[in-house]
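Residue numbers (our numbering): 2 to 577.
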């Protein structure tokens, strides 16, 4: 009879779930054999995560042996060229998601011109981000219950349907609906990629593959505006910026069906039991709460009302926080200080990364008259360095195991880069701007993807898909809220300042010029007036970098509340 084994982590007396035991502030998960045990959290005494036997039985291995990477005994289900192709196909989904998130940036003038709908311009980006943020926790719950392969394929189909609708949209409303559908499918794709990585990699490969998602994401972010601008300037029209997703998705379809492993996260549990354990009521309430919060943020970013916090979703959140919840409910993470810190720092990373990604090209378009292609190329120093340091973080964190210092150092670099970008004016050289953005990239790269790996290590195996969804929510929410605030700061301040300079120009014309939907506005002004208008625009852009400064400072401060522990991240931790 195999010896029963316990895994340990911190808890309080209210944390007991089925299969768990809380004793003297420590939480234990039961498993039937030592081979099946998973590392979860570090003990406060040894600073090394490990397993503990039932009291009264001897340790089967000493702690040194437990720290060694035994995960190689758990081989992947696919190897060789099949594994390489499957990994590339999985990462291509991150590329598609990032591409779709930014491809609208350069084609929106053509869209507004064709549909004559400037007032709905904001929804082309907001619709995508809001639907992605509102549904990602639902996808996390679903991935924790059902086979990840088929959920992933289902989300590919949703994403492609949305892309097809955007490409064929007869009016702006159809375009917005298509963007919303893309956001829903893209959210499921993103969580599916992080979940499938656990199935298709060993422990030694896990952190590097998570880092590789940063490469795919960076390529998509850079190429989005470039591809969009290329199609806008070509004879095939901007619609092919969306149709291209269909070709990329179709090329990967054979690998989706024949190479990706199909693994049940809860083997032996009946399908109907999976469905019964889904938290439908609270899930929809929480999704509605997130949607309401984002709607308020995007339309009144600097004004809030107390009624925003009196909603069914908020009631559900408070109810679940004060009552015992199943391990399959993501609200359990509100009881974990470490996971909450990871959530906050990940949201801050999205804010620090996306602010320069959106506003650096805008700066060069106004000050250097850059076109779509040139503006996208200006991001290369930022993105290349960001991707490099994501890989540096993945490699060294896997080697040494400590995660807290990455957040401390990364936050300081982000503060320095953001503070320097705040000082930029018309006379600032291009090389200086590249250097400032590189500082931001170094800082953000040190922690932007780290939380996905850390979160998988500090939760029990059954909760890994939910943890991935929770951290993904942080990225989406940080991106959505920060860009809404940054855009509001830029648009409101620049319009107000320009109106003071050009009192006789209609506000609608100023709005169109600031949003980039009319060309030649600045060139029509006299040299002195043009210089004053540019100063107003650049000073408004500079103020958006306050978000980068505060995000970096927040991460540095929060890092001191993280445990100074060495995590042994087990590749078999995912229940995908």
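Heads up, the beta-carbon is just placed ideally off N, CA and C, and yes, glycines get one too.
Cutoff 7 Å; reference residue i; Cβ partners in own chain excluding five residues on either side
{"i": "residue 452", "result": "343, 346, 347 and 472"}
{"i": "residue 222", "result": "99, 103, 358 and 384"}
{"i": "residue 548", "result": "352, 356, 483, 486 and 487"}
{"i": "residue 411", "result": "444, 445, 447, 448 and 556"}
{"i": "residue 417", "result": "440"}
{"i": "residue 376", "result": "226, 362, 365 and 366"}
{"i": "residue 36", "result": "For residue 36, the pLDDT reaches just 37, beneath the cut-off of 50, and the residue's location in the model is therefore unreliable, leaving the point undetermined."}
Where residue i falls, given that 16 or more other Cβ within 10 Å makes a residue buried
{"i": "residue 82", "result": "exposed"}
{"i": "residue 370", "result": "exposed"}
{"i": "residue 140", "result": "buried"}
{"i": "residue 322", "result": "For residue 322, the pLDDT reaches just 41, beneath the cut-off of 50, and the residue's location in the model is therefore unreliable, leaving the point undetermined."}
{"i": "residue 530", "result": "exposed"}
{"i": "residue 28", "result": "Here the model assigns residue 28 a pLDDT of 46, short of 50, so the residue's position is not dependable, and the following value carries that caveat. Under this definition residue 28 is a buried residue."}
{"i": "residue 504", "result": "exposed"}
{"i": "residue 508", "result": "exposed"}
{"i": "residue 239", "result": "buried"}
{"i": "residue 456", "result": "buried"}
{"i": "residue 497", "result": "exposed"}
{"i": "residue 151", "result": "exposed"}
{"i": "residue 466", "result": "buried"}
{"i": "residue 461", "result": "buried"}
{"i": "residue 558", "result": "exposed"}
CB contact flag (residue i, residue j, <9 Å)
{"i": "residue 435", "j": "residue 382", "result": "yes"}
{"i": "residue 129", "j": "residue 250", "result": "no"}
{"i": "residue 367", "j": "residue 484", "result": "no"}
{"i": "residue 248", "j": "residue 351", "result": "no"}
{"i": "residue 561", "j": "residue 409", "result": "yes"}
{"i": "residue 215", "j": "residue 97", "result": "no"}
{"i": "residue 105", "j": "residue 92", "result": "no"}
{"i": "residue 149", "j": "residue 224", "result": "no"}
{"i": "residue 90", "j": "residue 261", "result": "yes"}
{"i": "residue 189", "j": "residue 349", "result": "no"}
{"i": "residue 425", "j": "residue 499", "result": "no"}
{"i": "residue 173", "j": "residue 235", "result": "no"}
{"i": "residue 395", "j": "residue 237", "result": "no"}
{"i": "residue 143", "j": "residue 230", "result": "no"}
{"i": "residue 415", "j": "residue 553", "result": "yes"}
Residue i - DSSP class collapsed to helix/strand/coil
{"i": "residue 565", "result": "coil"}
{"i": "residue 546", "result": "coil"}
{"i": "residue 437", "result": "helix"}
{"i": "residue 404", "result": "coil"}
{"i": "residue 140", "result": "helix"}
{"i": "residue 379", "result": "coil"}
{"i": "residue 236", "result": "coil"}
{"i": "residue 462", "result": "helix"}
{"i": "residue 341", "result": "helix"}
{"i": "residue 15", "result": "In this predicted model, residue 15 has a pLDDT of only 44, less than 50, meaning its place in the structure is not dependable; the value taken from the coordinates is given anyway. Of the three classes helix, strand and coil, the one that applies to residue 15 here is helix, per DSSP."}
{"i": "residue 527", "result": "coil"}
{"i": "residue 386", "result": "helix"}
{"i": "residue 172", "result": "coil"}
{"i": "residue 507", "result": "coil"}
{"i": "residue 117", "result": "coil"}
{"i": "residue 201", "result": "helix"}
{"i": "residue 101", "result": "helix"}
{"i": "residue 255", "result": "helix"}
{"i": "residue 409", "result": "helix"}
{"i": "residue 429", "result": "coil"}
Neighbourhood of residue i by C-beta distance below 8 Å, restricted to the same chain and skipping five residues each side
{"i": "residue 244", "result": "164, 165 and 168"}
{"i": "residue 502", "result": "530, 533, 534 and 537"}
{"i": "residue 186", "result": "156, 157, 158, 159, 160, 161, 162 and 163"}
Residue from the options whose Cα sits closest to the Cα of residue i
{"i": "residue 403", "options": "564, 238 and 437", "result": "564"}
{"i": "residue 219", "options": "197, 240, 257 and 390", "result": "390"}
{"i": "residue 113", "options": "494, 516 and 559", "result": "516"}
{"i": "residue 94", "options": "448, 341, 467 and 217", "result": "217"}
{"i": "residue 184", "options": "262, 555, 374 and 133", "result": "133"}
{"i": "residue 213", "options": "455, 532, 109 and 393", "result": "393"}
{"i": "residue 258", "options": "177, 210 and 157", "result": "157"}
{"i": "residue 206", "options": "337, 227 and 397", "result": "397"}
{"i": "residue 513", "options": "86, 91 and 120", "result": "120"}
{"i": "residue 568", "options": "511, 406, 85 and 230", "result": "406"}
{"i": "residue 475", "options": "122, 191 and 87", "result": "191"}
{"i": "residue 252", "options": "87, 179, 209 and 194", "result": "87"}
{"i": "residue 115", "options": "378, 155 and 176", "result": "176"}
{"i": "residue 491", "options": "401, 545 and 195", "result": "545"}
Close Cβ partners of residue i (< 6 Å) along its chain, the five nearest in sequence each way excluded
{"i": "residue 241", "result": "232"}
{"i": "residue 181", "result": "128 and 132"}
9 Å Cβ cutoff, residue i in contact with chain D
{"i": "residue 186", "result": "Reference to chain D is not applicable here, since this structure consists of a single protein chain."}
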